[in-house]
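Shown next, in structure tokens, is the structure this report addresses.
Protein chains: 8
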Amino acid sequence: MKAIEILKSVQNGETTAEEAMLKLRMQPFEELGYATVDHHRQLRTGIAEVIYGEGKTAEQISGIATSMLNNKQSVILITRMSKKIAEAVKKDHPQMTYHELARVGIIGEIPKPDGIGYVVVATGGTTDLPVAEEAALTAEALGNEVVRLYDVGVAGLHRLLAKLDVVMGARCVVAVAGMEGALPSVMGGLVDCPVIAVPVNCGYGASFNGLSALLTMLNSCASGVCVMNIDNGFGGGYLASMINHQ
Amino acid sequence: MKAIEILKSVQNGETTAEEAMLKLRMQPFEELGYATVDHHRQLRTGIAEVIYGEGKTAEQISGIATSMLNNKQSVILITRMSKKIAEAVKKDHPQMTYHELARVGIIGEIPKPDGIGYVVVATGGTTDLPVAEEAALTAEALGNEVVRLYDVGVAGLHRLLAKLDVVMGARCVVAVAGMEGALPSVMGGLVDCPVIAVPVNCGYGASFNGLSALLTMLNSCASGVCVMNIDNGFGGGYLASMINHQ
Amino acid sequence: MKAIEILKSVQNGETTAEEAMLKLRMQPFEELGYATVDHHRQLRTGIAEVIYGEGKTAEQISGIATSMLNNKQSVILITRMSKKIAEAVKKDHPQMTYHELARVGIIGEIPKPDGIGYVVVATGGTTDLPVAEEAALTAEALGNEVVRLYDVGVAGLHRLLAKLDVVMGARCVVAVAGMEGALPSVMGGLVDCPVIAVPVNCGYGASFNGLSALLTMLNSCASGVCVMNIDNGFGGGYLASMINHQ
Amino acid sequence: MKAIEILKSVQNGETTAEEAMLKLRMQPFEELGYATVDHHRQLRTGIAEVIYGEGKTAEQISGIATSMLNNKQSVILITRMSKKIAEAVKKDHPQMTYHELARVGIIGEIPKPDGIGYVVVATGGTTDLPVAEEAALTAEALGNEVVRLYDVGVAGLHRLLAKLDVVMGARCVVAVAGMEGALPSVMGGLVDCPVIAVPVNCGYGASFNGLSALLTMLNSCASGVCVMNIDNGFGGGYLASMINHQ
Amino acid sequence: MKAIEILKSVQNGETTAEEAMLKLRMQPFEELGYATVDHHRQLRTGIAEVIYGEGKTAEQISGIATSMLNNKQSVILITRMSKKIAEAVKKDHPQMTYHELARVGIIGEIPKPDGIGYVVVATGGTTDLPVAEEAALTAEALGNEVVRLYDVGVAGLHRLLAKLDVVMGARCVVAVAGMEGALPSVMGGLVDCPVIAVPVNCGYGASFNGLSALLTMLNSCASGVCVMNIDNGFGGGYLASMINHQ
Amino acid sequence: MKAIEILKSVQNGETTAEEAMLKLRMQPFEELGYATVDHHRQLRTGIAEVIYGEGKTAEQISGIATSMLNNKQSVILITRMSKKIAEAVKKDHPQMTYHELARVGIIGEIPKPDGIGYVVVATGGTTDLPVAEEAALTAEALGNEVVRLYDVGVAGLHRLLAKLDVVMGARCVVAVAGMEGALPSVMGGLVDCPVIAVPVNCGYGASFNGLSALLTMLNSCASGVCVMNIDNGFGGGYLASMINHQ
Amino acid sequence: MKAIEILKSVQNGETTAEEAMLKLRMQPFEELGYATVDHHRQLRTGIAEVIYGEGKTAEQISGIATSMLNNKQSVILITRMSKKIAEAVKKDHPQMTYHELARVGIIGEIPKPDGIGYVVVATGGTTDLPVAEEAALTAEALGNEVVRLYDVGVAGLHRLLAKLDVVMGARCVVAVAGMEGALPSVMGGLVDCPVIAVPVNCGYGASFNGLSALLTMLNSCASGVCVMNIDNGFGGGYLASMINHQ
Amino acid sequence: MKAIEILKSVQNGETTAEEAMLKLRMQPFEELGYATVDHHRQLRTGIAEVIYGEGKTAEQISGIATSMLNNKQSVILITRMSKKIAEAVKKDHPQMTYHELARVGIIGEIPKPDGIGYVVVATGGTTDLPVAEEAALTAEALGNEVVRLYDVGVAGLHRLLAKLDVVMGARCVVAVAGMEGALPSVMGGLVDCPVIAVPVNCGYGASFNGLSALLTMLNSCASGVCVMNIDNGFGGGYLASMINHQ
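Chains as they are written, first to last, in our numbering: chain C, 960 to 1205; chain Z, 960 to 1205; chain X, 960 to 1205; chain F, 960 to 1205; chain H, 960 to 1205; chain S, 960 to 1205; chain B, 960 to 1205; chain U, 960 to 1205.
Here's what the structure looks like:
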């Protein structure tokens, strides 16, 4: 059964709204061959669609985006897209803006913030910026006001303390850090809102490609801290938006 | 300067409310020798105080609890407390209820739920119950309605699908699972709210004491999933409450 | 003693068939210098010969293939062969077809399926395709009907459930997945046939080059699931064919 | 809808047999509180039900078994059950036989072998016996003839070669080994049937609790070898039975 | 040649002081059978002798101590000694004081502090106390004034900031922490003296027996931080003393 | 409040020197956008500023250096800077000297040694030289006399013993080693001063990118040995300077 | 064919000695049920038989030993046998001597040394003694003169250097060490004979149960060093004897 | 004191030969700046000198070789040297032969075999050849007859069994294998001489860069097997030569 048929059966009184909602959530999608584009996802999750660019060709990204636009998607976020591929995609989608540091492309206009409060994206150092920008742009594309606090790592505590009021007013904090990864713990002790910890693959030696920061964050003594995969800035921004819109 | 002095100086017009809030958040605490009990934490984080029982003697737990009660704490949650220690603590605090499976003690009355919606705590199997109960009791002690969905692991999908409506109505899901740890991924694809994944140390061999489930959860393809430390049911319940109260 | 001598001694009544079978299985092979080509392997294992292309030069691959063709091998499967090497091999063996995504070359005609049922090759996402195609082509080269179900990962369960009848009719399932690697567990709960789980090296961070998916699969709660090495699509297809031909 | 209703609707011609089969596979189960006993599993997977005893009390095991017997289950296999718990379970189920080495209990009569051929269960050394016996008893409880070949490890090759004819006639081999774990590789080179490799947690030092054997098996150069979790004798026996009954 | 002979040859003018110093450093020791007691170590390293108690019997500890006392050692520190063994050793050496929390015994009087400044020993939480006390007692036995700052972890920053003046006046800091292990990083950013980081095996799950804290400390962004083995409180106190006496 | 205002308030008698020192240490810094340059760090830690070059562009390094020079920094050390980037930086800062082996640039004149003694930097082999030179140049830039002892590894003990007098006269030893990493242990047994162990990522196979040497050093039986991150020559030189200037 | 028949066929001239040797090596053994006792192993490997006691009951050990004695084995070495089990075995085999530290039992007389030179067994510390004694007793039981050099670890180099002449005269060195495990490297640089490195599971924290010492030894810069499994004293003594008897 | 002076003092009767030997072994070497060339090593270890080429420039290799030739070294082995560097070295040392597969260069004539027997170098597969050739060439350069048995892995046992007589006659076996690494175990069960196991970094996925093969070999059940670092063909050949010359 197609989505329209489901909705008509509600109109006819054959199906209750509740049943229809369940059916809609479980059912419609379209097969393109190389990927199952999920057009009802916006209905299902209430937000813009995302294309995970890693390992996809420019043709694949363009094709998926076109299919989405045809289905009335207004904002499309493309993550993990190299500059070279972005330039190729731009030929088909000239309206796309590309953010090189974050390796993120956005098709469509960034919506006005409609969240309850604002989201803080903080980093320990400057090498954490690409991941932090992926988080910040994701949150912005999903309708959030974002305050960036970069290079406020715990080895120079005064830099963070100087911004204490901004931190404390946030509705959700995304704390991005590599090396020793202690920023989320310190932040979790300062704020009353959820802290989403994103470990970063930077440093060298015993950082073991971000494993050290990941373990630090999982062991945080502060309550209210949860952890994303290493370098998963998108995931951090997405979850922050979810919390800021509930 | 003590808390009362800070507040008086606001009354006198010497300090603005904003400054006072900052001062209060950063300042008062009391030293007991073996632990710094943080009486203004309720002010700071808005919820009940928690005693992490692991490695503490009955005397230490009792002493900290007494100090808290003297400071007007109404609900005290004690986690990771063995039955034997609980019995010793009960002599000083007979009003404590003890939950053996979760190894949790609660002093004071569980408050009426005052969250926005309800929290689902789900498990993959029966061996995940102790961790799930720690999460559920924590959430209840912090004022949340909790719906338990136990033994709905992904190797028998029909069990989870039969509860689809309950899952979809939740404001936050705590998904507790050991072994392959796939429950949070499946749930993250079904719901629109945050899914807090708690890996469990169970199974044998290549489960490597919960490491397998932890890695599975960190690699979840579903958006909106974040991860706690292995066996950290308390952390999952605490964060769920935070999200449900915002 | 050579194979023909063994067989003659059976003819003469000097050796029983059982003894001869044992002798044949243990004995004949030929030395090329850089590899021991095993011409009686077809006799031994009843199927086509395979050349593992990794680390071999075009000359070596061509030479081994020629030796096999001289020994009446009708189908030769070459795995892990780059496009560049394939082009060089094609000069000696123009009848070879090359599948770039799977990095597989096939010399000789794909035989008609003679298995008992069909084999399902399923993937969680689009990045799993190269490994899945290696599995599917291997199974086809060994005489199996293959049904491909790609991009049916557990974070969007409806995609898999929509194909439930196809999955349930399979004689063997090869479930290929990276990231959280939960597909084999879900499939193992749905079908009555063996599920061969193949973890894929994709993703980033805590996927640790496929280790996360490998551990997930080893810890599967579903019965009837067994596991191959990371990225071992060939092994999955080979075993599936073995099971489908018994 | 209940199972009987589904079947009646087939009788009435309202539902086709195929639809009904799908519905039955996805639907009925019963909640006991601590575990979802799955009474239609026999229908679903065609074999006896299994209780995973690890971490369950004697009361829980007894209760689940009683519920199964009430639902006409004829053979119940209980794995990972200590001698002490087995003695307690026996009070409720005196017909249970208990195998101490394998820590396995069986309620009901072992069925006559109805598989196509026989299953070989082989071990590298004597310390692998508990896991091997778990595999062998599981296969027997599921209706398979089992040939045991114990202590035929690769460091004394003549012991294995002396049994070559038995090994070669098997329909499926379960190769159980700890330490260097090389037995499945050697067997995979000798036979034409699937080899299910089960690594064992034994040895010391760099065996790292079975990790060494697990990695050896995953890296096997022999085709047709697949791997189970460390110490998962049950899984090996179950999959062998599945292959032997197709 | 014995030590006295070396010194006499200096007196005679046959050997220069420099040569003699070298000879003395390399030469004398005595064999007891189970351990080579090194009586000139005091000369060599300028401080009291230490007995590492782990795995030694009460008889062995007593014997080594007696041999040391016979060689005019005035202070003997015994680490990693259980209460039970300490009681047995006390029969031979009643003048020994035993510190149960730190599992340390001291024979002889603690010397007056003769270091240049004072040493701060700080911990993140209360579970770090045994390791911290081992460090503090070691430093005291070696002639240092020690200031203890316990339970000042980074998840409650105000507790550490309240002691800022004490921390900043130290000549060396031993920062002891488990879980996320972020204390040394924060301290390294506050002080100008060396910070010796000692990771602690506490916590659970992804703390991996102190590995998480160890990695955090090795990756510290703060300059002037160096790291000891997990739980090596003795090593931290010893090095702190060395720095405080130079 | 700015630094100058703080100092004036001391002049006015409004603030004591002690209070002012604390305020100064916690407060002033400047935001450049991509990095928080910390101009009072010299005041705070008493030594030259360091730019960690890894992952920074030539423009970023030049900009930070210019900002530092404008704030009267006399010596600037730039670590982990490739030759290519160094050449670009030299256009803006022609007075910079570049040390290719160590990948270190120094702007400003190396100060005369003003430490108490000298620092020994020793290596086990020739592949450890880049890390050792980073350590040695750092120490020299911070005002230390450095004695280099290269290629004195423990597999040829006579090379180290021939330099015994130099080693024994040091105030601090930085022992740099890869492979088995045993040099710090041997040195720790020979000297009375702190030994800073720096593991090196060299070798192959089971060296696991320096992990082997790191573990060796953490497990050193010699007292007075502490450990830095793998390849952290800068950290070793910095800490050595701190100890040599106390 | 039995061994005696093979030998008779040589007598008859039907078989050459070379063929018979091969047949004998590959063929005879006897099945006891729980273990395949290999009576021709003495013929095969030229030395006494060994029983690996770990995980075997007293009955099993006694039974195997009796079977060996019946087959004219003159010396039997039993390793990894607890005191309790040894006492039970002694009832059947009162002539057995038991070495508690090494957990080794020996039935039969230790043969006179018939090796070419002597074997040195050296340890880094006193906690390495159980493993070293297992090595030394094994070598003695196999007919070697053994020189023990205990507690000569590299953190006190003078202890080893004092024994230089003994070390340099050895035909083979077994170097047993835990913690940093540097002893084999230092020895490998001093001697011209093979050095067999045996890592020991001792220490704590980052020793990771002997992994640290194992890695150190595998990375040894000294030529002529080979490595055994952690705690494998038997293997070290066995190989040393093999080298000393060639 | 120089070497010549030591020898003269023997001539004069001032020093005994034994003392002189010790002095010579500990003392003379020469500093080139980038490496301590050890000219008395031939005296010390009785064999040719080796240059480890990894990470060295052509100039460094040439310089060291020239210095050695000046000191009358007749055979120089250079390992881990790329083709490009070899060509540069050849300009200075045209008499060098270069073996590309093994990446080994040899200056001087390979000596006639003067060992007691012959050395077998065996591999499991063709990808193990570079490491095996490094071992074989090393052994040949040190005066050993070498028999190569390549591609005789355990997944095709008949290939190894066909060479049984050659294997059994060896004085020492170097068994080189990647993937599952089972070859040394099987060989250890067949021969009476030492088996030197060399794990190889080949394969993919769970081979973890040779770790899997390394662990397999360390856990070998066969006595007389010892292990080298991953890819350490040189070490294997060196030790084999040592054993073959004793």
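Glycine is no exception: its CB is placed at the ideal position from the N, C-alpha and C atoms.
Since this is a predicted model, take the numbers as computed values, not measurements.
- Here the segment 1046-1057 of chain F does not lie against the segment 1146-1164 of chain F, with fewer than 3 beta-carbon pairs under 8 angstroms apart.
- Contact between Val1106(Z) and Val1145(Z) does not hold, since their C-beta atoms are separated by about 17 angstroms, which reaches or exceeds 8 angstroms.
- For Asp1073(Z), same chain residues with a beta-carbon under 7 angstroms away, outside a window of 5 residues either side, are Gly1102 in chain order.
- Using a CB distance cut-off of 8 angstroms, Gly1164(H) counts as an interface residue toward chain Z.
- For Pro1143(S), the closest alpha carbon among the candidates Met1201(S), Glu1008(S), Cys1180(S), Asn1160(S) is that of Cys1180(S).
- Non-local C-beta neighbours of Pro1089(X) in its own chain, meaning closer than 8 angstroms and more than five positions away in sequence, comprise Leu1060, Ala1061, Arg1062, Gly1192, ordered along the chain.
- Following the DSSP letters along the chain, one finds Gly1064(X) inside the beta strand (DSSP E) bounded by residues 1063-1066.
- The beta carbon of Cys1161(C) sits no closer than 8 angstroms to any beta carbon of chain Z.
- Interface residue (Cβ-Cβ distance to chain X less than 8 angstroms): Thr1086(U) is classified as such.
- Contact between the segment 1090-1101 of chain X and the segment 1033-1047 of chain X is present: 3 or more CB-CB pairs across the two stretches fall below 8 angstroms.
- The C-beta of Glu1139(Z) has 16 or more other C-beta atoms within 10 Å across all chains shown, which makes the residue buried.
- For Ile1069(H), the secondary structure class from DSSP, reduced to helix, strand or coil, is coil.
- Check the Cα spacing between Ser1171(X) and each of Ala1047(Z), Val1113(Z), Asn1178(Z), Asp1087(Z): the tightest is with Asn1178(Z).
- For Ile1189(B), the chain F residues whose C-beta falls within less than 8 angstroms of its own C-beta are Tyr1163, Gly1164, Ala1165, listed in chain order.
- Chain S places a beta carbon closer than 8 angstroms to that of Leu1173(U), counting this residue as a contact.
- In terms of CA proximity to Asp1110(H), Ala1134(H) leads the group Ala1100(H), Ala1134(H), Met1127(H), Asp1124(H).
- Looking at the backbone, the Cα of Leu1173(F) and that of Thr1016(U) are separated by about 41 angstroms.
- Secondary structure note for Thr1038(F): its beta strand (DSSP E) is the uninterrupted segment 1035-1038.
- Judged by DSSP in its simplified three-state form, Ile1044(H) adopts helix.
- Neighbours of Gly1169(H) in chain S, taken as residues whose beta carbon is under 8 angstroms from its own, are absent, since the nearest beta carbon is some 11 angstroms off.
- Between the C-alpha atoms of Ala1141(H) and Asp1124(C) there is a straight-line separation of about 23 angstroms.
- Put simply, the backbone Cα of Leu1116(U) is about 22 angstroms away from that of Asn1030(X).
- Short of 8 angstroms from the beta carbon of Cys1161(H), and not among the five residues preceding or following it, lie these beta carbons of its own chain, in chain order: Gly1084, Thr1086, Asp1087, Gly1137, Met1138, Gly1169.
- Contact note: Gly1192(F) does not reach chain Z at a C-beta cutoff of 9 angstroms; the least C-beta distance is about 11 angstroms.
- Excluding sequence positions up to five before and after Val1186(U), its CB lies within less than 6 angstroms of the CB of Ala1156, Met1176, Leu1177, all in the same chain and listed in chain order.
- Taking the Cα of Glu1068(H) as reference, the smallest distance to any Cα among Ser1026(H), Tyr1077(H), Ala1100(H) is reached at Ala1100(H).
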